[in-house]
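Here the protein sequences come in this chain order: A and B. The first sequence finishes on residue 288 if you use my numbering, and the numbering steps up by one all the way, no holes. The second sequence finishes on residue 288 if you use my numbering, and the numbering steps up by one all the way, no holes.
Protein chains: 2
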Amino acid sequence: MIARTLPFLAALAACAPVHAADVPYPAGYRAWTHVKSMVIEPGHPLHASFGGIHHLYANAEAMEGYRSGQFRDGSIIIFDLLEANAADNAVTEGKRKVVGVMHRDARKYAATGGWGFEGFVEGNPNLRAVGANAATACFACHAPQKDNGYVFSTWRE
Amino acid sequence: MIARTLPFLAALAACAPVHAADVPYPAGYRAWTHVKSMVIEPGHPLHASFGGIHHLYANAEAMEGYRSGQFRDGSIIIFDLLEANAADNAVTEGKRKVVGVMHRDARKYAATGGWGFEGFVEGNPNLRAVGANAATACFACHAPQKDNGYVFSTWRE
């Protein structure tokens, strides 16, 4: 889900219209399995796009994929990015910046490795940050992860 | 779950024997609902006890409690503390330090507000950090949270 370049904010500004192949909003994802978390601070090369604290969540199909290495259709991975408030030697969660989604459908999203990518601005199901720009805004950075199913994260117990 | 003083490490060193009323190891908690997370850095007053990145998880009963304000018997809240590796303007997760547990049983744990407290060192079900010391090692700091069911955390969407 993490990009190596910074096209994401540019895409955010675009807020593309909805198309037939659009990735659905991942209703209920907060009850899915929490995979891992990370804080990206000012000065990090991804800060402009992904600064804050992010949590990765996986639905049941994606959890199978983390374990088997094969993500089957229906697998959904969430990159839930919140502001990170650093103060008094602690980092606490702030408001939601974006809900990033990877949604597996090998046929529908064949052009982007079998994954549909979307970002819902501030978690708003009606504000799409990626739309038709998934190839450049998301997949370009995920492509080198081909051997891991185009996924950056790994499961930890 | 967060203490305001630092008895926890002292308790860690004790590794108390198991008693009949001991809090069970929370098998499967990594699939429970992720409530929130926080990083406690060097210099924070709780760093010696709780330094690192921690994630709070709740079982279904505890999720009801966060929403209703009433935690019923069977509610379990997990404080999963991992090392926080700060490098290159990012904070990533390291190895597990302790799995803290609050386990609701109003009768069994009446002396500590109806909650049983335990800490499993490095997540090892056989290494108990709290044992018979819950009143001083845990509850003393949770007591002021009485109006919130002795719980510090709150649910966020």
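The C-beta atom is built at its ideal place from N, Cα and C for all residues, glycine as well.
Under 7 Å Cβ to Cβ from residue i, same chain only, skipping five residues before and after it: list those, please.
{"i": "Trp286 of chain B", "result": "Val166, Tyr197, Arg198"}
{"i": "Gln276 of chain B", "result": "Val282, Phe283"}
{"i": "Gly225 of chain A", "result": "Leu213, Glu214, Ala215, Asn216"}
{"i": "Phe270 of chain A", "result": "Thr243, Gly244, Phe248"}
{"i": "Ala193 of chain A", "result": "Phe202, Ser206, Ile207, Ile208"}
{"i": "Asp204 of chain A", "result": "Arg235, Asp236, Ala237"}
{"i": "Tyr240 of chain B", "result": "Trp246, Gly247"}
{"i": "Pro256 of chain B", "result": "Tyr156"}
{"i": "Phe210 of chain B", "result": "Met132, His185, Leu187, Gly231"}
In the DSSP assignment, the alpha helix (DSSP H) including residue i goes from what residue to what residue?
{"i": "Phe270 of chain A", "result": "From DSSP, Phe270 of chain A is part of no alpha helix (DSSP H); its letter is neither H nor E."}
{"i": "His234 of chain A", "result": "Looking at the DSSP string, His234 of chain A is not in any alpha helix (DSSP H); the run it does join, the beta strand (DSSP E), is 221-235."}
For the beta strand (DSSP E) containing residue i, name the first residue and the last one.
{"i": "Phe210 of chain A", "result": "207-218"}
{"i": "Ala241 of chain B", "result": "That residue, Ala241 of chain B, is in no beta strand (DSSP E); it is neither H nor E in DSSP."}
{"i": "Gly183 of chain A", "result": "183-189"}
{"i": "Ser168 of chain B", "result": "164-171"}
{"i": "Val252 of chain A", "result": "246-252"}
Give the C-beta separation of residue i and residue j to the nearest angstrom, bearing in mind that I take them to be a contact with Cβ-Cβ under 8 Å.
{"i": "Leu212 of chain A", "j": "His185 of chain A", "result": "4 Å"}
{"i": "Glu172 of chain A", "j": "Ala221 of chain B", "result": "6 Å"}
{"i": "Gly231 of chain B", "j": "Gly250 of chain B", "result": "5 Å"}
{"i": "Arg235 of chain A", "j": "Phe181 of chain A", "result": "Actually they are not in contact, since the Cβ atoms of Arg235 of chain A and Phe181 of chain A sit about 21 Å apart, beyond 8 Å."}
{"i": "Arg259 of chain A", "j": "Glu288 of chain B", "result": "Actually they do not touch by this definition, with Cβ atoms about 19 Å apart."}
{"i": "Val154 of chain A", "j": "Val170 of chain B", "result": "Contact doesn't hold; Cβ gap of about 30 Å is too wide."}
Suppose the cutoff is 8 Å on Cβ atoms and the five residues either side in sequence are ignored; what does the same chain contact list for residue i look like?
{"i": "Ser324 of chain A", "result": "No statement about residue 324 of chain A is possible, as the shown extent of chain A runs from 132 to 288 and does not include it."}
{"i": "Ala274 of chain B", "result": "Gly244, Tyr281"}
{"i": "Asp278 of chain B", "result": "none"}
{"i": "Leu140 of chain B", "result": "Unreliable placement is indicated for Leu140 of chain B, whose pLDDT of 48 sits below 50; no coordinate value is reported for it."}
Got a sec? Which residues, its chain only, sit under 6 Å from residue i by beta carbon, not counting five neighbours each side?
{"i": "Thr223 of chain A", "result": "Asn216"}
{"i": "Glu253 of chain A", "result": "Arg227"}
{"i": "Ala266 of chain B", "result": "Thr243"}
{"i": "Ala142 of chain B", "result": "Residue placement at Ala142 of chain B is poorly supported in this model, since its pLDDT is 49, which falls under 50; the coordinates still yield a value, given next. Ala260, Val261, Asn264, Ala268, listed in sequence order."}
{"i": "Thr164 of chain A", "result": "Ala189, Met194"}
| said: Tell me which residues of the stretch 162-173 of chain B have at least one Cβ-Cβ distance to chain A shorter than 8 Å, keeping chain order. | reply: Listed by position, the residues of the stretch 162-173 of chain B near chain A (Cβ gap below 8 Å) are Ala162, Thr164, His165, Lys167, Ser168, Met169, Val170, Ile171, Glu172, Pro173.
| If you measure beta-carbon to beta-carbon, which residues of the stretch 230-244 of chain A are closer than 7 Å to chain B? | Taking 7 Å as the Cβ-Cβ cut-off against chain B, none of the residues of the stretch 230-244 of chain A qualify.
| field | Members of the stretch 179-209 of chain B near chain A, C-beta cut-off 9 Å | value | Listed by position, the residues of the stretch 179-209 of chain B near chain A (Cβ gap below 9 Å) are Ile184, His186, Tyr188, Met194.
| For the stretch 245-266 of chain B, which residues have a beta carbon sitting closer than 9 Å to at least one beta carbon of chain A? | Cβ contacts with chain A: Gly254.
| field | Residues within the stretch 218-230 of chain B neighbouring chain A, beta-carbon criterion of under 9 Å | value | So the close ones are Asp219, Asn220, Ala221, Val222, Thr223, Glu224, Arg227.
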